[in-house]
Amino acid sequence: MNVQLRRCIGSERFGIEAHDAPISDFPAQPSQKDGLGRMCKPHWRQYTDALRKAALARKASQPDDAPKPTRAARAKPAKATPKRRSANATPAKAPRTAKQAAATVDTPSAGEG
Ligand SMILES: [Zn+2]
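Residues 279 to 391 (this note's numbering) are what the sequence shown spells out, left to right.
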């Protein structure tokens, strides 16, 4: 009895060697021309598993792929509004005598507009 063999193409990328396997070892794949998968079942599983892992690894290695909202939310726009200097502030901070202080208080500080 002759067992029909089919070529399992394997995957160079994932280190799966191509080989011949009995047709019964191939999964049905309607999208294929002959209705059979291009890899034997164990290799197909290995291949899809490797693909998934590769996709995950790629995602992990590219953090900039998706914007991180938490990061943006944490960065608050710091508004550094400089305090307006009081125009009425005393120009000199030298210690004054009570007499001088009284005189200063009496002085009208008009015209600051
Ligand atoms: Zn195989």
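C-beta atoms are modelled at their ideal positions from N, C-alpha and C, and glycine is treated no differently.
CA-to-CA distance, residue j to residue i, given in whole angstroms
i	j	result
Phe292	Ser339	19 Å
His321	Asn280	23 Å
Asp327	Pro360	59 Å
Asp298	Gln324	16 Å
Cys286	Met317	4 Å
Ala356	Arg362	18 Å
Gly315	Arg330	18 Å
Ala296	Lys319	13 Å
Ser289	Ala358	59 Å
Nearest neighbour of residue i, chosen from the options [CA to CA]
i	options	result
Pro300	Gly313, Arg284, Gly315, Leu314	Arg284
Gly313	Arg323, Pro320, Ser302, His321	Ser302
Gln282	Ala358, Glu290, Phe304	Phe304
First through last residue of the alpha helix (DSSP H) which encompasses residue i
i	result
Asp327	319–339
Residue i Cβ short of 8 Å to ligand 3 heavy atom set
i	result
Ile294	Ligand 3 is absent from the structure shown, which contains only ligand 1.
Residue range of the beta strand (DSSP E) that includes residue i
i	result
Asp303	First-last for Asp303: undefined, no H or E at that position.
Leu283	283–286
Cβ contact check for the region 325–336 and the region 299–315: 3 or more pairs under 8 Å: Touching, no, given that fewer than three Cβ pairs across the two stretches are closer than 8 Å.
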